[in-house]
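To convert, note that position 141 of the sequence shown is 172 in the numbering used here; the numbers rise steadily by one, no gaps.
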Amino acid sequence: MQLSTYLDPALELGPRNVLLFLQDKLSIEDFTAYGGVFGNKQDSAFSNLENALDLAPSSLVLPAVDWYAVSTLTTYLQEKLGASPLHVDLATLRELKLNASLPALLLIRLPYTASSSLMAPREVLTGNDEVIGQVLSTLKSEDVPYTAALTAVRPSRVTRDVAMVAGGLGRQLLQKQPASVVIHPPVSYNDTAPRILFWAQNFSVAYGGRWEDLTLITFNLQRFSLTGSSWNDSLAVLALTYEQLFGTTVTFKFILANRFYPVSARHWFTMDRLEIHGNGSVVYFNASQITGPSIYSFHCQYVSTNGDNGNILVPDTQPSLWQMTLQDFQIQAFNVTGEQFSYASDCAGFFSPGIWMGLLTSLFMLFIFTYGLHMILSLKTMDRFDDHKGPTITLTQIV
Numbered sequence: 032m033q034l035s036t037y038l039d040p041a042l043e044l045g046p047r048n049v050l051l052f053l054q055d056k057l058s059i060e061d062f063t064a065y066g067g068v069f070g071n072k073q074d075s076a077f078s079n080l081e082n083a084l085d086l087a088p089s090s091l092v093l094p095a096v097d098w099y100a101v102s103t104l105t106t107y108l109q110e111k112l113g114a115s116p117l118h119v120d121l122a123t124l125r126e127l128k129l130n131a132s133l134p135a136l137l138l139i140r141l142p143y144t145a146s147s148s149l150m151a152p153r154e155v156l157t158g159n160d161e162v163i164g165q166v167l168s169t170l171k172s173e174d175v176p177y178t179a180a181l182t183a184v185r186p187s188r189v190t191r192d193v194a195m196v197a198g199g200l201g202r203q204l205l206q207k208q209p210a211s212v213v214i215h216p217p218v219s220y221n222d223t224a225p226r227i228l229f230w231a232q233n234f235s236v237a238y239g240g241r242w243e244d245l246t247l248i249t250f251n252l253q254r255f256s257l258t259g260s261s262w263n264d265s266l267a268v269l270a271l272t273y274e275q276l277f278g279t280t281v282t283f284k285f286i287l288a289n290r291f292y293p294v295s296a297r298h299w300f301t302m303d304r305l306e307i308h309g310n311g312s313v314v315y316f317n318a319s320q321i322t323g324p325s326i327y328s329f330h331c332q333y334v335s336t337n338g339d340n341g342n343i344l345v346p347d348t349q350p351s352l353w354q355m356t357l358q359d360f361q362i363q364a365f366n367v368t369g370e371q372f373s374y375a376s377d378c379a380g381f382f383s384p385g386i387w388m389g390l391l392t393s394l395f396m397l398f399i400f401t402y403g404l405h406m407i408l409s410l411k412t413m414d415r416f417d418d419h420k421g422p423t424i425t426l427t428q429i430v
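As structure tokens, this is what we get:
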């Protein structure tokens, strides 16, 4: 809502041809590192962008935009302009004939530094800046007014939350920076309030051995429908419908039930089943291992039909043409507060394989040490010795 208050005046009063430069990852620190802010303007990786800002009648720079706002930006612009987004590159842009009186939404995707292992970050950012300059020059040569925006799907640098550091503020000595991870917004089903939250680091499905990665279109672009989803205090259904998946419309239904158990005197939720509707048939997967207290969410590193990853999803009929893998899976369907998950009940047991190996190895080493100590303590010295000056010891055989 706050972002829309900034963009509404520009879209209502400004040009209706909107360019959205969408980069994979970008942070304000990239402009500090590669923007020539320390007097070396000639080395700036954003010369065309800086020139466009200087020549623009008006401009706006936001140092940070929430990932949820970015994920809905395309949908917001589409509704505001009444035009569907058109993915273009420099070649197709030159063939387009834009009309100043008709709204148009042009989406230009740009790569980021970490996506290329052969090029330095400055080179990639400079290349992106050149693309921006060429696109703006093309529109300027055609005398087409435009409104341009540059943003990113996610930050390139993750700032550590100082509130989570033990001991309060301050940086610990020899502190290792955490690795940058890809953070997607969760899928949220709302009626009067958020009811169901669903998230995964990777969401992949396969039909007949052909795999499709649904992560981007599910959590970033949100190219799916929640039609068929429902919620009440005892039953929750999250339905994700994708158009033209494997050549047809496919719906994934996560069905969770909330029950009261007198033994524990509390409510527990269980995923009764996962349904896949596609190709005119329905496939059922047993997912009863996905369970936990209703006040918690459920988290598991791998939820998959593959036996190597725990085989949490078990198809009713074997073999099944459908396969699914959810990495870093988390879901909550009851007692949801806002857009954040509650404390997670994890599927991993207390004793992991590594802990078991460590315990067994320690017990084996302890057994060897105990046996060796016992052997040493069992050694006895001789209590009779020969005296070369006296008579020899004679052992008489008694028959």
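Here a beta-carbon is modelled for each residue, glycine too, at the ideal position from N, C-alpha and C.
All of these numbers come straight from a predicted model, not from anything done at the bench.
*Where does Ala179 fall in DSSP's three states?*
The count along the sequence shown starts at 1 and reaches residue 179 at position 148. Three-state result, Ala179: strand.
_Assess contact between the stretch 310 to 320 and the stretch 340 to 353, defined as three or more Cβ pairs (one per stretch) separated by less than 8 Å. Is contact present?_
yes
*Residue closest to Gln232, alpha-carbon to alpha-carbon, out of Leu141, Leu156, His330*: Sequence index remark: in the sequence shown, residue 232 carries index 201 (1-based). The residue with the shortest Cα to Cα distance from Gln232 is His330.
*Below 8 Å between beta carbons: does that hold for Pro46 and Thr178?*
As a working mapping, residue 46 is identified with position 15 in the sequence shown. As a working mapping, residue 178 is identified with position 147 in the sequence shown. In this structure, Thr178 lies closer than 8 Å to Pro46 by Cβ.
*Cα separation between Arg241 and Ser335?*
Stepping through the sequence shown from its first residue, residue 241 is reached at position 210. Stepping through the sequence shown from its first residue, residue 335 is reached at position 304. Between Arg241 and Ser335, the C-alpha separation is close to 16 Å.
_Please give the ranges of any alpha helix (DSSP H) in the stretch 93 to 137, keeping only runs that are unbroken, at least 4 residues long and fully inside the region._
98 to 102, 104 to 112, 121 to 126
*Exposed or buried, what is Arg191 when buried is set at 16 or more other beta-carbons lying within 10 Å of its beta-carbon?*
Here residue 191 is taken as the residue at index 160 of the sequence shown, counted from 1. Residue confidence for Arg191 is low, a pLDDT of 48 falling below 50, so the modelled location carries little weight; the figure read from the coordinates is stated next. By the neighbour-count criterion, in which 16 or more other beta carbons inside 10 Å mark a residue as buried, Arg191 falls on the exposed side.
*Less than 8 Å between the CB atoms is what I'm expecting for Ala114 and Leu129, so what's the real figure, rounded?*
On the sequence shown, residue 114 is found 83 positions in, with the first residue counted as 1. On the sequence shown, residue 129 is found 98 positions in, with the first residue counted as 1. Contact doesn't hold; Cβ gap of about 11 Å is too wide.
*Have a look at Lys56 and Val155 and give me their C-alpha separation to the nearest angstrom.*
Here residue 56 corresponds to residue number 25 of the sequence shown, with the count starting at 1. Here residue 155 corresponds to residue number 124 of the sequence shown, with the count starting at 1. Lys56 and Val155: Cα-Cα distance of roughly 12 Å.
*Do Leu53 and Leu141 have their C-beta atoms closer together than 8 Å?*
The residue labelled residue 53 in the question sits at position 22 within the sequence shown. The residue labelled residue 141 in the question sits at position 110 within the sequence shown. Yes, they are a contact pair.
*Using the Cα positions of Gln363 and Pro186, report the straight-line distance between them to the nearest angstrom.*
Here residue 363 is taken as the residue at index 332 of the sequence shown, counted from 1. Here residue 186 is taken as the residue at index 155 of the sequence shown, counted from 1. Taking the straight line joining both Cα atoms gives about 26 Å.
*Find out if the Cβ-Cβ distance for the pair Ser256, Ile326 is shorter than 8 Å.*
As a position in the sequence shown, residue 256 is number 225, starting the count at 1. As a position in the sequence shown, residue 326 is number 295, starting the count at 1. No. Outside cutoff.
_Thr258 vs Ala270 beta-carbon contact at 8 Å_ = Start at 1 with the first residue of the sequence shown, and residue 258 comes out as number 227. Start at 1 with the first residue of the sequence shown, and residue 270 comes out as number 239. In this structure, Ala270 lies closer than 8 Å to Thr258 by Cβ.
*Would you please state the rounded distance, in angstroms, between the beta carbons of Leu117 and Leu104? I believe it to be under 8 Å.*
As a first step, residue 117 must be located in the sequence shown, where it is residue number 86. As a first step, residue 104 must be located in the sequence shown, where it is residue number 73. So it is not a contact: roughly 15 Å between Cβ atoms.
*asked:* For a test of the three-state rule: what should DSSP assign to Leu344, helix, strand or coil?
replied: Locating residue 344 in the sequence shown gives position 313, counting from the first residue. Note: Leu344 maps to coil in three-state DSSP.
_Buried/exposed call for Arg226, threshold 16 Cβ in 10 Å_ = Your numbering for residue 226 matches position 195 in the sequence shown. Under this definition Arg226 is a buried residue.
*Mark Pro176 as exposed unless 16 or more other C-beta atoms lie within 10 angstroms of its C-beta, in which case mark it buried.*
Here the question's residue 176 lines up with position 145 in the sequence shown. So Pro176 counts as exposed.
*Throw me the rounded Cβ distance for the Gln361 and Ala375 pair, which I believe falls under 8 Å.*
Residue 361 sits at position 330 when you count from the first residue of the sequence shown. Residue 375 sits at position 344 when you count from the first residue of the sequence shown. Gln361 to Ala375, Cβ: 6 Å. Contact.
_Quick check: what's the CA-CA separation for Thr385 versus Thr272?_
Here residue 385 refers to the residue found at position 354 when the sequence shown is read from its first residue. Here residue 272 refers to the residue found at position 241 when the sequence shown is read from its first residue. A quick correction: the sequence has Gly, not Thr, at residue 385. Roughly 39 Å separates the two Cα atoms.
_3-residue-minimum beta strand (DSSP E) runs that sit fully inside the stretch 349 to 385, ordered along the chain_ = 353 to 363, 375 to 377
*Exposed or buried, what is Leu245 when buried is set at 16 or more other beta-carbons lying within 10 Å of its beta-carbon?*
On the sequence shown, position 214 is the one that residue 245 refers to. Classification for Leu245: buried.
*Near Gln253, which residues of its chain fall below 7 Å by C-beta distance, leaving aside the five closest residues on each side in sequence?*
Numbered from 1 along the sequence shown, position 222 holds the residue referred to as residue 253. Within the same chain, Gln253 has close Cβ partners Ser102.
*Where Pro350 and Leu397 are concerned, what is the direct C-alpha to C-alpha distance, given to the nearest angstrom?*
In the sequence shown, the residue the question calls residue 350 occupies position 319. In the sequence shown, the residue the question calls residue 397 occupies position 366. When the Cα atoms are used, Pro350 and Leu397 turn out to be separated by approximately 46 Å.
*asked:* Given this structure, state the Cα-to-Cα distance separating Thr182 from Asp222, to the nearest angstrom.
replied: Taking the first residue of the sequence shown as position 1, residue 182 is located at position 151. Taking the first residue of the sequence shown as position 1, residue 222 is located at position 191. About 30 Å.
*Ignoring anything shorter than 3 residues or poking outside the stretch 284 to 316, list the beta strand (DSSP E) runs there in chain order.*
297 to 309
*Could you give the distance in angstroms between the alpha-carbon of Tyr157 and the alpha-carbon of Ala76?*
Locating residue 157 in the sequence shown gives position 126, counting from the first residue. Locating residue 76 in the sequence shown gives position 45, counting from the first residue. Note that residue 157 is Thr in the sequence shown here, rather than Tyr. Taking the straight line from one Cα to the other gives about 5 Å.
_Span of the alpha helix (DSSP H), counted from its first residue to its last, around Ala87_ = For this step, residue 87 is matched to residue 56 along the sequence shown. Unbroken run through Ala87: none, as it is neither H nor E.
*Distance between Gly311 and Gly278 (C-alpha atoms, nearest Å)*: Working through the sequence shown from its first residue, we reach residue 278 at position 247. Working through the sequence shown from its first residue, we reach residue 311 at position 280. In a straight line, the C-alpha of Gly278 is about 12 Å away from that of Gly311.
*Locate the beta strand (DSSP E) running through Asp55, then write down its first and last residues.*
In the sequence shown, counting from the first residue as 1, residue 55 sits at position 24. Looking at the DSSP string, the run of the beta strand (DSSP E) that includes Asp55 is 48 to 56.
_Our contact map puts Asn79 next to Glu161 with C-beta atoms below 8 Å; I'd like the distance itself, whole angstroms only._
Taking the first residue of the sequence shown as 1, we reach residue 79 at position 48. Taking the first residue of the sequence shown as 1, we reach residue 161 at position 130. About 7 Å separates the two Cβ atoms, so the contact holds.
*Identify, in the order they occur along the chain, each residue of the same chain with its Cβ nearer than 6 Å to the Cβ of Glu60, setting aside the five sequence neighbours on each side.*
Residue mapping note: residue 60 aligns to position 29 of the sequence shown, counting from 1. Cβ neighbours of Glu60 beyond the five flanking positions: Arg188.
*asked:* So, for Tyr99: in the same chain, excluding its five sequence neighbours on each side, which residues have a beta-carbon less than 6 Å away from its beta-carbon?
replied: For the purposes of this step, residue 99 is taken as residue 68 along the sequence shown, with counting starting at 1. Contacts found: Pro216.
*Sorry if obvious, but does the Cβ on Pro142 come closer than 7 Å to a heavy atom of the ligand MN?*
The ligand MN is absent from the structure shown, which contains no ligands of any kind.
*Contact set for Gln206: own chain, Cβ-Cβ below 6 Å, skip 5 residues either direction*: Position 175 of the sequence shown, counting from 1, holds the residue named residue 206. Caution is warranted here: a pLDDT of 48 is assigned to Gln206, below 50, making its placement in the model unreliable, and the coordinate value is therefore given only provisionally. Counting only Cβ-Cβ distances below 6 Å, and skipping sequence neighbours, we find nothing.
*asked:* What does DSSP give as the partner residue(s) for Leu266 in the beta ladder?
replied: By 1-based counting over the sequence shown, the position of residue 266 is 235. DSSP, once it has assigned bridges, lists Ala288 as partnering Leu266.
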